[in-house]
């Protein structure tokens, strides 16, 4: 989704539309790949994440109208590195 490079599914991080801690719509990481709903995949790197943010790819890929907070995903990626 971010950099558009193709790779195996196990090397990517699945994200879904969910809610943040305050109940607002947000992009939520799904490392186990079992959350219900439409998902999208990106490399678990900050570079791929930042590219997806610049392209506003999350709302489009998850087919969610309006804006989505990407803070939960940013926090997850920061903990991973």
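Residue numbers (full-length UniProt numbering): 1 to 81. Cβ atoms here follow ideal geometry from the backbone N, Cα and C, with glycine treated the same way. Bear in mind the structure is a predicted one, so any value in this text is a computation, not a measurement.
Where DSSP assigns a beta bridge to residue 19, which residues make up the other side?
-> On the chain shown, residue 19 is found 19 positions in, with the first residue counted as 1. Within the DSSP secondary-structure output, residue 19 pairs in a beta bridge with 25.
With 16 other CB atoms within 10 Å as the buried threshold, where does residue 43 fall?
-> Within the chain shown, numbered from 1, the residue matching residue 43 stands at position 43. It counts as buried.
Would you identify the three-state DSSP class for residue 13, choosing helix, strand or coil?
-> Reading the chain shown from its first residue, position 13 is the one you call residue 13. Residue state, collapsed to three classes: strand.
Using the C-alpha atoms, what's the distance from residue 33 back to residue 60?
-> As a first step, residue 60 is located in the chain shown; it is residue number 60 there, counting from the start. As a first step, residue 33 is located in the chain shown; it is residue number 33 there, counting from the start. The straight-line gap separating the alpha-carbon atoms of residue 60 and residue 33 is approximately 19 Å.
Keeping to the same chain, check which residues put their C-beta closer than 8 Å to that of residue 35; ignore five residues upstream and five downstream.
-> Here residue 35 is taken as the residue at index 35 of the chain shown, counted from 1. If we look at residue 35 and ignore the five residues flanking it on each side, its Cβ neighbours are 14, 16, 18, 28.
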